[in-house]
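The opening residue of the sequence shown carries number 1 in UniProt numbering; numbering runs sequentially from there. Backbone N, C-alpha and C fix where the C-beta goes; we use that ideal spot for every residue, glycine too. Here the structure is a predicted model, which means the values were calculated and not measured.
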Amino acid sequence: MNGMDPTFHGEEPSSSVQDEYREMLETYFMYRDAFLHDDDVVEPTQDREELNFKILVDDAELSLYTGCSYTKMSAIVVLYKYKARHSPTDIAFEGLLHLSWFSTT
């Protein structure tokens with residue numbers, strides 16, 4: 001058959017993928033709870049790198065759009081896994097990222 005494989009259209013991710021995602025989230029939340037604080041007050045002992053890291057972590061927790069359960073971090077991980085598995089050239093991967101449905105502008 002030519003074109004898309006119909007067996008993969010509309011399927012839910014396999015349980016191993018869901019388990020891996022759930023495990024990644026649990027690990028991330030444990031790290032966040034252990035090392036990051038909810039207050040935005042910068043103590044004098046904190047340096048600029050720690051503040052930048054906290055900003056990046058907070059940014060990674062943002063959902064892709066209102067009502068979406070996926071975060072920026074999960075989308076980035078999925079894209080990196082795709083690149084690692086399929087080995088597209090840098091130009092091909094950059095082209096994928098510039099498709100209109102990935103574009104934020």
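query = According to DSSP, which residues form a beta bridge with S63?
reply = Numbered from 1 along the sequence shown, position 63 holds the residue referred to as residue 63. Beta-bridge pairing links S63 to T71.
inquiry  = Looking at the secondary structure, which residues open and close the alpha helix (DSSP H) in which T90 lies?
reply    = Residue mapping note: residue 90 aligns to position 90 of the sequence shown, counting from 1. The sequence as given places Asp at residue 90; Thr does not occur at that position. First-last of the alpha helix (DSSP H) with D90: D90 to L97.
request  = Return the Cβ separation of A60 and T71 in integer angstroms, given the expectation that the two are a contact with Cβ distance under 8 Å.
outcome  = Here residue 60 is taken as the residue at index 60 of the sequence shown, counted from 1. Here residue 71 is taken as the residue at index 71 of the sequence shown, counted from 1. Indeed they touch by this definition, with Cβ atoms about 6 Å apart.
request  = Report whether the distance from the Cβ of E20 to the nearest heavy atom of the ligand FAD is below 6 Å.
outcome  = With respect to the ligand FAD, the structure shown offers nothing to examine, as it has no ligands at all.
ask   = Rounded to whole angstroms, how far is the Cβ of S74 from the Cβ of Y21, which I believe are closer than 8 Å?
value = Counting from 1 along the sequence shown, the entry for residue 74 is found at position 74. Counting from 1 along the sequence shown, the entry for residue 21 is found at position 21. With a Cβ gap of about 7 Å, S74 and Y21 count as contacting.
request  = With distances taken Cα to Cα, identify the nearest neighbour of L36 among E49, K81, E94 and K54.
outcome  = Taking the first residue of the sequence shown as 1, we reach residue 36 at position 36. Residue K54 is the option with its Cα nearest to L36.
task = Give me the Cα-Cα distance between S69 and E23, rounded to the nearest whole angstrom.
result = For the purposes of this step, residue 69 is identified with residue 69 of the sequence shown, where counting begins at 1. For the purposes of this step, residue 23 is identified with residue 23 of the sequence shown, where counting begins at 1. In this structure, the straight-line span from the alpha carbon of S69 to that of E23 is close to 15 Å.
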